[in-house]
């Protein structure tokens, strides 16, 4: 049974120590991506910082991944680019599940995370008239 999700929401990424992060549901995107900076490879480890200093959830912690790969991603303007991809976890509607995220500089974008079709399919039905369905459920359950 698919769960309804709105066009935007807030999700937790517990392994990245990121909580209540705004996500945009993007049925035009195949892959999901997250905003990050200072991406570098050192001794076969991928290192980066998530979000920007202005973001309320920003922490200066450099996150280190020993497992990652590279995917070729085509952007909305048709340009193809190689991006690093990590596997982590996302929590929506109180349920934590694995997700692959490509790393990209989304500084100019309003939402630090895009959730694409590969993650959404078979799990969610998008209702473009709704927003923050998971976040509202979370805050309701906290009271």
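Residue numbers (UniProt numbering): 1 to 143. The beta-carbon is built from N, C-alpha and C at its ideal position, and this holds for glycine as well.
- It is roughly 7 Å from the alpha-carbon of residue 32 to the alpha-carbon of residue 100.
- Excluding sequence positions up to five before and after residue 85, its CB lies within less than 6 Å of the CB of 69, 71, 100 and 102, all in the same chain and listed in chain order.
- When secondary structure is reduced to three states using DSSP, residue 106 falls in the coil class, being assigned neither helix nor strand.
- 25 is the residue among 25, 131 and 91 whose C-alpha sits nearest the C-alpha of residue 115.
- DSSP places residue 122 in no alpha helix (DSSP H); its state is neither H nor E.
- Boundaries of the alpha helix (DSSP H) around residue 134: 133 to 142.
- The three-state secondary structure of residue 14, taken from DSSP, is helix.
- With fewer than 16 other beta carbons inside 10 angstroms of its own, residue 45 counts as exposed.
- Sixteen is the threshold: since fewer than 16 other Cβ atoms of the shown chains lie within 10 Å of the Cβ of residue 76, the residue is exposed.
- With respect to residue 106, residue 30 sits apart: the two C-beta atoms are not nearer than 7 Å.
- Judged by DSSP in its simplified three-state form, residue 118 adopts helix.
- Closest by C-alpha distance to residue 20, out of 64, 10, 27 and 14, is 10.
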